[in-house]
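Residue numbers (the numbering used here): 713 to 764.
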């Protein structure tokens with residue numbers, strides 16, 4: 713997981729591994745955070761929801 717910008721709440725997430733280099737990370741942008749999660753918590757929640 714990598715934070716794309718320090719000014720805005722956005723990040724890239726690659727939830728799968730790839731042995732041939734063909735996996736493409738998804739880009740996430742939080743427009744409004746009602747729960748007031750930290751960036752780390754939001755990234756981990758998003759990652760865990762990908763595994764469901």
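Every residue gets a Cβ at the ideal spot worked out from N, C-alpha and C, and that includes glycine.
Predicted model, so just to flag it, every value in this text is computed and none were measured.
**Request:** Could you round the C-beta distance between residue 758 and residue 739 to whole angstroms and report it? I think they count as a contact, below 8 Å.
**Result:** Actually they are not in contact, since the Cβ atoms of residue 758 and residue 739 sit about 11 Å apart, beyond 8 Å.
**Prompt:** Per DSSP, which one or two residues make a beta bridge with residue 738?
**Reply:** 725
**Request:** Might you give, ordered along the chain, the residues of its own chain that have their beta carbon closer than 8 Å to the beta carbon of residue 736, omitting 5 neighbours on each side?
**Result:** 726
**Prompt:** In this structure, does DSSP put residue 758 in helix, strand or coil?
**Reply:** helix
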